[in-house]
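Chemist: Okay, handing you the structure first.
Protein chains: 2
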Amino acid sequence: MSVIKSEIRGGVYYDSAVLMALQRSLADLPGVEDAGVIMGTPTNKELLVRVNLVTPEVEQAKENDLVIVVRAGDERAASDALQRVDELLSARKSSIQQDYRPRSLDGAQSMMPDANWVLVSVAGRYAAGVAREALRLNKHVFLFSDNVSVEEEISLKAEAAQKGLLVMGPDCGTAMINGIGLGFANKVRRGPIGVVAAAGTGLQQVASRIDQLGGGMTFGIGTGGRDLSEKVGGVTFLMGLDALSRDPDTKVIVLVSKPPSPKVADQVLRVARKAGKPVVVNFIGRTPISRRVGNLFFASGLDDAAALAVELVKNPPVLEGEPELPIARFAPGQKYLRGLFSGGTLAYEAQHLLTEYVPKVYANAPINKENKLKDSLVSVEHTIVDLGEDEFTVGRLHPMMDNDLRIRRMMEEAEDPEVAVIFLDVVIGFGSHPDPASELGPAIAEAKAKAEKAGRYLEVVAVCTGTEEDPQKLSHQIRQLKQGGAWVETSNEVAVRYAGQILQALNQPSEETQLIAAPVDLETLKKPVKALNVGLESFAENLTAQGAPVLQVDWQPPAAGNEKLASILERMKKLSSAE
Amino acid sequence: MSVIKSEIRGGVYYDSAVLMALQRSLADLPGVEDAGVIMGTPTNKELLVRVNLVTPEVEQAKENDLVIVVRAGDERAASDALQRVDELLSARKSSIQQDYRPRSLDGAQSMMPDANWVLVSVAGRYAAGVAREALRLNKHVFLFSDNVSVEEEISLKAEAAQKGLLVMGPDCGTAMINGIGLGFANKVRRGPIGVVAAAGTGLQQVASRIDQLGGGMTFGIGTGGRDLSEKVGGVTFLMGLDALSRDPDTKVIVLVSKPPSPKVADQVLRVARKAGKPVVVNFIGRTPISRRVGNLFFASGLDDAAALAVELVKNPPVLEGEPELPIARFAPGQKYLRGLFSGGTLAYEAQHLLTEYVPKVYANAPINKENKLKDSLVSVEHTIVDLGEDEFTVGRLHPMMDNDLRIRRMMEEAEDPEVAVIFLDVVIGFGSHPDPASELGPAIAEAKAKAEKAGRYLEVVAVCTGTEEDPQKLSHQIRQLKQGGAWVETSNEVAVRYAGQILQALNQPSEETQLIAAPVDLETLKKPVKALNVGLESFAENLTAQGAPVLQVDWQPPAAGNEKLASILERMKKLSSAE
Numbered sequence: 002m003s004v005i006k007s008e009i010r011g012g013v014y015y016d017s018a019v020l021m022a023l024q025r026s027l028a029d030l031p032g033v034e035d036a037g038v039i040m041g042t043p044t045n046k047e048l049l050v051r052v053n054l055v056t057p058e059v060e061q062a063k064e065n066d067l068v069i070v071v072r073a074g075d076e077r078a079a080s081d082a083l084q085r086v087d088e089l090l091s092a093r094k095s096s097i098q099q100d101y102r103p104r105s106l107d108g109a110q111s112m113m114p115d116a117n118w119v120l121v122s123v124a125g126r127y128a129a130g131v132a133r134e135a136l137r138l139n140k141h142v143f144l145f146s147d148n149v150s151v152e153e154e155i156s157l158k159a160e161a162a163q164k165g166l167l168v169m170g171p172d173c174g175t176a177m178i179n180g181i182g183l184g185f186a187n188k189v190r191r192g193p194i195g196v197v198a199a200a201g202t203g204l205q206q207v208a209s210r211i212d213q214l215g216g217g218m219t220f221g222i223g224t225g226g227r228d229l230s231e232k233v234g235g236v237t238f239l240m241g242l243d244a245l246s247r248d249p250d251t252k253v254i255v256l257v258s259k260p261p262s263p264k265v266a267d268q269v270l271r272v273a274r275k276a277g278k279p280v281v282v283n284f285i286g287r288t289p290i291s292r293r294v295g296n297l298f299f300a301s302g303l304d305d306a307a308a309l310a311v312e313l314v315k316n317p318p319v320l321e322g323e324p325e326l327p328i329a330r331f332a333p334g335q336k337y338l339r340g341l342f343s344g345g346t347l348a349y350e351a352q353h354l355l356t357e358y359v360p361k362v363y364a365n366a367p368i369n370k371e372n373k374l375k376d377s378l379v380s381v382e383h384t385i386v387d388l389g390e391d392e393f394t395v396g397r398l399h400p401m402m403d404n405d406l407r408i409r410r411m412m413e414e415a416e417d418p419e420v421a422v423i424f425l426d427v428v429i430g431f432g433s434h435p436d437p438a439s440e441l442g443p444a445i446a447e448a449k450a451k452a453e454k455a456g457r458y459l460e461v462v463a464v465c466t467g468t469e470e471d472p473q474k475l476s477h478q479i480r481q482l483k484q485g486g487a488w489v490e491t492s493n494e495v496a497v498r499y500a501g502q503i504l505q506a507l508n509q510p511s512e513e514t515q516l517i518a519a520p521v522d523l524e525t526l527k528k529p530v531k532a533l534n535v536g537l538e539s540f541a542e543n544l545t546a547q548g549a550p551v552l553q554v555d556w557q558p559p560a561a562g563n564e565k566l567a568s569i570l571e572r573m574k575k576l577s578s579a580e
Numbered sequence: 002m003s004v005i006k007s008e009i010r011g012g013v014y015y016d017s018a019v020l021m022a023l024q025r026s027l028a029d030l031p032g033v034e035d036a037g038v039i040m041g042t043p044t045n046k047e048l049l050v051r052v053n054l055v056t057p058e059v060e061q062a063k064e065n066d067l068v069i070v071v072r073a074g075d076e077r078a079a080s081d082a083l084q085r086v087d088e089l090l091s092a093r094k095s096s097i098q099q100d101y102r103p104r105s106l107d108g109a110q111s112m113m114p115d116a117n118w119v120l121v122s123v124a125g126r127y128a129a130g131v132a133r134e135a136l137r138l139n140k141h142v143f144l145f146s147d148n149v150s151v152e153e154e155i156s157l158k159a160e161a162a163q164k165g166l167l168v169m170g171p172d173c174g175t176a177m178i179n180g181i182g183l184g185f186a187n188k189v190r191r192g193p194i195g196v197v198a199a200a201g202t203g204l205q206q207v208a209s210r211i212d213q214l215g216g217g218m219t220f221g222i223g224t225g226g227r228d229l230s231e232k233v234g235g236v237t238f239l240m241g242l243d244a245l246s247r248d249p250d251t252k253v254i255v256l257v258s259k260p261p262s263p264k265v266a267d268q269v270l271r272v273a274r275k276a277g278k279p280v281v282v283n284f285i286g287r288t289p290i291s292r293r294v295g296n297l298f299f300a301s302g303l304d305d306a307a308a309l310a311v312e313l314v315k316n317p318p319v320l321e322g323e324p325e326l327p328i329a330r331f332a333p334g335q336k337y338l339r340g341l342f343s344g345g346t347l348a349y350e351a352q353h354l355l356t357e358y359v360p361k362v363y364a365n366a367p368i369n370k371e372n373k374l375k376d377s378l379v380s381v382e383h384t385i386v387d388l389g390e391d392e393f394t395v396g397r398l399h400p401m402m403d404n405d406l407r408i409r410r411m412m413e414e415a416e417d418p419e420v421a422v423i424f425l426d427v428v429i430g431f432g433s434h435p436d437p438a439s440e441l442g443p444a445i446a447e448a449k450a451k452a453e454k455a456g457r458y459l460e461v462v463a464v465c466t467g468t469e470e471d472p473q474k475l476s477h478q479i480r481q482l483k484q485g486g487a488w489v490e491t492s493n494e495v496a497v498r499y500a501g502q503i504l505q506a507l508n509q510p511s512e513e514t515q516l517i518a519a520p521v522d523l524e525t526l527k528k529p530v531k532a533l534n535v536g537l538e539s540f541a542e543n544l545t546a547q548g549a550p551v552l553q554v555d556w557q558p559p560a561a562g563n564e565k566l567a568s569i570l571e572r573m574k575k576l577s578s579a580e
C-alpha cells in the first residue's frame with residue numbers, strides 16, 4: 002500500500018520554476034509514485050486531494066507555507082525522498098551566464114545604469130514592492146506577476162503616470178518592444194503595426210497572426226487584463242495608445258481587450274478617434290454596431306483584428322476630416338432629436354445606431370418595448386416616429402407619396418424649444434411622390450426660420466435614398482433639400498451618426514477626457530531594450546537569446562520571506578524616508 | 002371666427018389616393034382654411050384634433066366611416082365646400098390609358114391570362130381577400146396594403162407556399178423583379194446581386210447604394226416586415242432565399258430584415274449556410290459576433306451590406322467546403338465541451354463565440370457572472386477553465402510554461418462519459434515551454450485512447466498560437482499535436498467554431514429545418530413582369546412607365562363596402578365551394 006509523507010516549511014521563498022523543478026525531481030526518485038510541491042493555498046490543497054497527495058499536516062498548511070508531499074510505494078522510499086529535498090534544491094543549476102548577481106535592484110542599477118526596463122515575476126505578494134522600486138529608478142516596468150491587488154495596481158500606475166513611465170501589468174503576459182519580446186512573446190517580424198492589449202494571449206494571437214499574414218509590428222504594449230476595468234481606468238492603455246499615436250513608425254494601431262468596463266472603453270474610443278491614423282478595435286464581448294466609424298475599424302475577433310490591420314497597412318484608408326458640428330449655434334436647452342421617418346427600416350436602423358450616442362430614443366415602432374412612445378402624436382425627449390406605420394396609413398397615403406402629415410409634424414417639432422435636430426428620410430423612386438424635395442425643401446427652410454425667429458438653431462438632417470435614374474433624380478432632390486438648409490447624406494448610417502454626434506455633444510457637456518499622465522518619452526521607448534530581471538530566470542534567458550542585454554537580480558524577499566519582520570522593516574523604511 | 006363643419010359617410014370605399022386628392026381640393030376652395038378627409042380611426046381623429054378640425058360628429062365616427070371636415074372663414078364657405086364633395090370626387094381623372102376596366106380579378110384574368118403578378122394596395126380590411134383570389138388564379142402577389150392581420154398573413158402564406166407562389170407582404174413596400182420595380186421602387190441597374198428583404202426602405206436603401214456603387218441586381222424580393230416574426234416563420238423569406246440560391250444569374254445574395262425573431266433568424270441562417278454562394282446578412286438589431294462564417298458575410302448596416310455585396314461580386318471569395326463533423330462517432334450521452342486554456346483572452350473569446358452554439362458555458366473566469374463555475378476544479382456541463390488564472394498560479398508555473406496541471410485535468414475530463422470535446426490552446430514563443438506539444442501530443446493520444454477503450458469517441462481541438470520563427474516552431478508543434486490525434490487550427494475563432502458546430506449538433510438533435518413550401522418555379526419567376534393592379538392607380542402608372550404590361554382593375558369592395566352583407570356573401574361562397 003502506498004504511503005504519503007509531507008513536510009511544511011514556513012518563511013521560505015523560492016520562485017515557481019524552482020518549486021516545479023523540485024516536484025519533478027522528487028517524482029523521478031526511485032519508489033516515488035507522485036509528488037507535489039506547492040504553496041498552501043486552498044486551490045492548491047484541493048488539487049493535492051484530487052491526486053491523493055494529502056496528509057493531515059498538509060490540510061493545516063497556510064497560504065504562505067511551502068508544502069512538499071510525496072506518495073511512495075513504502076515508508077522508506079517516502080522518507081528518503083523528503084530527506085533529499087535540500088540536496089535537490091541546491092543542485093539546481095542556472096543557465097544564465099552572469100559572473101555576479103546583484104541582490105537588489107539598487108545593486109543592479111549601479112551595474113547597468115542605462116537599463117530602461119525592469120521585468121518583475123516574483124510571487125504576487127512581493128511584486129508591487131519590486132515594481133515600485135523600479136519606478137523610483139525611472140524604469141518602465143513589465144510586471145508579469147499576478148496575485149497583485151487592484152489597490153496596488155492603482156497606486157503603481159498613478160506613480161508611473163506622473164513620471165511618464167509604463168507599468169505593463171500586473172498579470173501582463175507579454176510585450177514586444179522594438180523587436181524584443183518580454184515575458185511570453187512570439188518572434189514577430191518588425192513592421193508598421195502597433196498593438197495595445199489588455200489581453201496577454203490576445204496580444205500573442207494577434208501578433209502571431211500578423212506575422213503569419215506577412216505583416217510586422219513596432220510595439221506590442223501589454224497593460225494587464227485589469228487595466229480597462231473601471232477602477233484602474235485604463236491608465237497604461239491610454240498612455241500606450243498615446244505613444245503609438247505619436248510614433249511615426251506606427252502606421253496602424255490595434256487595440257485589444259478582454260471584456261472592458263463600458264465607461265473606460267468609451268473613453269478609450271474617444272481618444273482613439275483622434276489618433277490621426279487607422280485604429281483597429283477588438284474589445285471582446287463588446288460587439289460593435291458598425292464596421293467602421295471614421296478612423297476606427299471594429300474587428301469581430303482576434304484573428305479578424307490581425308487581418309484588418311495587415312489589410313489597412315497594404316491599403317491605407319482615406320481618413321476624411323470630420324464635419325464640424327454646429328454645437329455653438331444651439332440655444333441653451335436645445336438637446337433633443339425628432340426623427341420623422343417615412344421608411345420603417347431606416348427608422349429602425351437609426352434607433353439601433355443611436356444607442357451609441359444617447360441612452361434612450363422613444364419610438365412608435367421601437368426596437369425595445371420599453372422605448373415605446375405612449376402617444377405616437379406626441380414626441381418625448383429623443384423620439385423617432387415612423388409615419389408609415391399602420392396607425393397612420395388607414396385611408397391615408399403613405400408618407401413616401403404624400404408629405405402633408407410629415408410637414409405638419411415638422412412644424413410642430415420646430416416650435417419645441419428643446420428640439421435641436423430634426424431627421425428626415427427622403428425615399429424616391431417609382432411609386433413615391435413625384436418631387437418630394439420640392440415640398441420638403443421649402444418646409445425645412447420654414448422650420449429653420451421659425452426656430453431662428455425664436456432665438457434658436459435647428460439642424461435638419463436628411464438621408465436621401467434613390468438613384469440618378471429614378472424619375473425624381475437623386476441629385477435634383479439633394480439640391481432642393483440643401484437649398485432648404487438641410488444637411489444631406491445618401492447613407493442612412495452616415496446621416497444618423499452625424500446627428501448622433503450632435504446629440505452626444507449637446508447631452509454630455511464637455512466632460513473632457515484628459516489623460517493626466519505625463520506622456521511617455523518616445524525617444525526612450527524606442528531605444529533598444531536593456532533590462533533588469535527580477536524573478537523567473539527563463540525571462541532573462543529569453544532576452545539573452547534575442548540579443549538584448551539583461552541582468553538577472555538574485556532577489557530575495559525582504560526578511561527572507563518572514564512577513565512580520567518584513568512589514569516592520571517596511572514601516573521603518575517609510576519612517577526614515579518621511580524624515 | 003372660423004367655422005368647422007363635417008360630414009360622416011358610412012359604407013363607402015375610396016382608395017387613399019382619392020381621399021388625399023379630395024382633401025387637397027377642399028383645402029384649395031375659396032374661404033377654406035384647412036380640410037381633412039380620413040377614415041375615422043382613433044389616430045386619425047386625434048390628428049384632426051391637433052389641427053383643429055374636429056366636431057362632435059367627428060368624435061362619434063367609427064373606424065370604417067369616411068370623415069370629411071373643413072374649417073372655413075365663415076359658415077357659408079364651410080357649407081359650400083362640403084356640398085362640392087361629390088362633384089370633386091367624380092371630377093377626378095385617371096391618367097391610366099385603358100379602354101375597359103375589369104371590375105374583378107376574374108374579369109382581369111380573362112383579359113390578360115398570362116399575367117404573372119397581382120399588385121394589391123386596397124384598404125387593409127379587404128386586402129387579404131383580394132390576395133386570396135390572386136393565389137387562386139396562380140399568380141405571385143405583391144401585397145402593398147398594411148393593416149392586414151397576422152392571422153390572414155399566415156393563412157395566405159400557407160396557401161401560397163403549397164403552390165410555390167410568393168406572397169410579398171402584407172405591408173410590402175417594394176420589390177424588384179427582372180429589372181421592374183413594384184410598389185415603391187428605385188431604378189436600379191441589372192446585375193448579379195439578389196436581395197431578400199423583410200424591410201421595405203431597407204431594400205430600397207440597399208438597392209440604391211448598390212446602384213450608386215456601380216453594382217446591379219437580379220431580384221429584390223420583399224416579404225413584408227412581419228415575415229421573420231415567430232408567428233409567420235419566414236415563409237416568404239425562405240422561399241425567396243431558396244429561389245435566389247437556385248438562380249444561376251444571382252451570384253451574391255443579400256438578406257435584410259428589421260429586427261427578426263431570433264429563432265426564425267437562426268433558421269434562415271442555417272438555410273443560408275447551404276446556399277452555395279456568398280450571402281450578405283444584415284438583420285437590424287442583431288449584431289453579429291463575426292464578420293464572416295463560411296459563406297455568410299455579416300454586414301453592420303444597410304450601406305455596409307450594399308458595399309459588401311458589390312465587393313463580393315468584384316472579388317468572389319473562396320468558399321471552402323466545411324469540414325465533416327465526426328458526429329456519428331460519439332456515443333450516446335456525449336455532449337459536453339471541456340476547454341482547458343492557458344490563455345485568458347483566448348478563453349474569453351471562446352466563451353464569446355460559443356454563445357452562438359450552446360446556451361451556457363461555465364467558466365472560472367466567465368464573461369457573465371451567472372456562468373461562474375462554483376469550483377474551478379470541477380467541470381459542469383460545458384466548461385471553460387483558464388488554468389492561467391491567479392487561483393492556479395500561486396507558487397506554480399504558468400500553464401504556458403508547465404503542462405503538468407493541464408495534462409492531469411485532461412485525463413480527468415477524458416474519463417467523463419458526457420464529455421465529447423476537449424479544447425486546448427497551445428501558445429508558444431519565448432517564455433513558454435520549450436516544446437509543449439512533445440508533452441501534450443502524447444497526452445492527447447492517451448486521453449483519446451482512454452475514451453475509446455470505454456466505447457466513446459473524444460474529439461480534441463487545439464488552437465496553436467505562434468510563428469515559424471518562435472523557438473518551438475509553429476509547424477513542429479502542429480505536427481506533434483496532430484500526431485496525438487488533435488484537430489489543430491492556428492485561428493482561435495476557426496477552432497472554436499469547429500468545436501461549436503460539433504456541440505450544436507450533439508445538443509440539438511437533428512430537428513431538420515425543412516421548408517414545407519413547394520419551390521418557386523424559377524422559369525416563371527424570371528419571366529418579364531406582367532401584372533394586374535388592384536388599388537392605387539399610381540402603381541399601374543409606374544409599371545407602364547417602366548414598360549411592363551399592366552391591367553388596372555376597377556375594384557370595389559364586396560357589397561360596396563357594407564361589411565355585414567359582405568360577410569354573408571363570403572359565407573355563401575364558401576358553402577357553395579365546399580359542396
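Taken in sequence, the protein lines are chains B and P. For the first sequence, my numbering assigns the number 580 to the last residue and increments by one with no breaks. For the second sequence, my numbering assigns the number 580 to the last residue and increments by one with no breaks. Backbone N, C-alpha and C fix where the C-beta goes; we use that ideal spot for every residue, glycine too. Treat the numbers as computed from the prediction; the structure is a model and nothing was measured.
State yes or no: is the beta carbon of B/Tyr349 nearer than 7 angstroms to at least one beta carbon in chain P?
Modeler: Numbered from 1 along the first sequence, position 348 holds the residue referred to as residue 349 of chain B. Chain P contact via Cβ: present.
Chemist: For the candidate residues B/Gln481, B/Phe342, B/Asn117, B/Ala276, whose alpha-carbon lies nearest to that of B/Gly322?
Modeler: Indexing the first sequence from 1 puts residue 322 of chain B at position 321. That would be B/Ala276, whose Cα lies nearest to the Cα of B/Gly322.
Chemist: Return the Cβ separation of P/Val71 and P/Leu49 in integer angstroms, given the expectation that the two are a contact with Cβ distance under 8 angstroms.
Modeler: Residue mapping note: residue 71 of chain P aligns to position 70 of the second sequence, counting from 1. Residue mapping note: residue 49 of chain P aligns to position 48 of the second sequence, counting from 1. About 11 angstroms; that fails the 8 angstroms criterion.
Chemist: Give the C-beta separation of B/Leu54 and B/Ile5 to the nearest angstrom, bearing in mind that I take them to be a contact with Cβ-Cβ under 8 angstroms.
Modeler: On the first sequence, position 53 is the one that residue 54 of chain B refers to. On the first sequence, position 4 is the one that residue 5 of chain B refers to. 6 angstroms between Cβ atoms; contact.
Chemist: If you follow the alpha helix (DSSP H) that P/Thr384 is part of, which residue opens it and which one closes it?
Modeler: One-based indexing of the second sequence puts residue 384 of chain P at position 383. That residue, P/Thr384, is in no alpha helix (DSSP H); its beta strand (DSSP E) goes 384-387.
Chemist: Can you name the residues of chain P whose CB is closer than 7 angstroms to the CB of B/Met401?
Modeler: Taking the first residue of the first sequence as 1, we reach residue 401 of chain B at position 400. Those are Phe185, listed as they occur along chain P.
Chemist: I need the DSSP call for P/Leu341, collapsed to helix, strand or coil.
Modeler: Working through the second sequence from its first residue, we reach residue 341 of chain P at position 340. In the structure shown, P/Leu341 sits in a strand (DSSP, three-state: E or B).
Chemist: Quick test of the definition: if touching needs 3 or more C-beta pairs under 8 angstroms, does the stretch 352-371 of chain P touch the stretch 382-393 of chain P?
Modeler: yes
Chemist: Suppose only complete runs of 3+ residues qualify. What are the beta strand (DSSP E) ranges in the stretch 245-282 of chain P, listed by chain order?
Modeler: 253-258
Chemist: Using a C-beta cutoff of 7 angstroms, does B/Val319 count as contacting chain P?
Modeler: Position 318 of the first sequence, counted from the first residue, corresponds to residue 319 of chain B. No, B/Val319 does not count as interfacial toward chain P.
Chemist: Name, in chain order, the residues that DSSP records as bridge partners for B/Trp488.
Modeler: Translated into positions along the first sequence, residue 488 of chain B becomes position 487. DSSP output for B/Trp488 lists B/Val462 as bridge partner(s).
Chemist: Please state the DSSP three-state secondary structure of P/Glu469.
Modeler: Along the second sequence, one-based indexing puts residue 469 of chain P at 468. Here P/Glu469 sits in coil by DSSP.
Chemist: B/Glu350 and B/Asn493 look like a contact to me (Cβ under 8 angstroms); what is the Cβ gap, rounded to whole Å?
Modeler: The residue labelled residue 350 of chain B in the question sits at position 349 within the first sequence. The residue labelled residue 493 of chain B in the question sits at position 492 within the first sequence. Yes, B/Glu350 and B/Asn493 are in contact; Cβ-Cβ is about 6 angstroms, under 8 angstroms.
Chemist: As a quick exercise: from P/Ala310, P/Thr42, P/Asp304, pick the residue whose alpha carbon is nearest that of P/Phe298.
Modeler: Looking up residue 298 of chain P in the second sequence gives position 297. P/Phe298 has its Cα closest to that of P/Ala310, out of P/Ala310, P/Thr42, P/Asp304.
Chemist: Kindly indicate which residue of B/Glu470, B/Gln478, B/Ala22 has the alpha-carbon position closest to the one of B/Leu90.
Modeler: By one-based count along the first sequence, residue 90 of chain B stands at place 89. Per the Cα distances, B/Ala22.
Chemist: How is B/Asn1 classed by DSSP in three states: helix, strand or coil?
Modeler: Summary: the structure shown does not reach residue 1 of chain B, with chain B confined to residues 2 through 580, and so no result is reported for it.
Chemist: Does the pairing of the stretch 112-127 of chain P with the stretch 141-161 of chain P give three or more beta-carbon distances under 8 angstroms?
Modeler: yes
Chemist: Using DSSP bridges, identify the partner residues of B/Thr175.
Modeler: By 1-based counting over the first sequence, the position of residue 175 of chain B is 174. Bridge partners of B/Thr175: B/Gly184.
Chemist: Going straight from the alpha carbon of B/Asp16 to that of B/Gly41, what length do you get?
Modeler: For the purposes of this step, residue 16 of chain B is identified with residue 15 of the first sequence, where counting begins at 1. For the purposes of this step, residue 41 of chain B is identified with residue 40 of the first sequence, where counting begins at 1. For B/Asp16 and B/Gly41, the distance between alpha carbons rounds to 14 angstroms.
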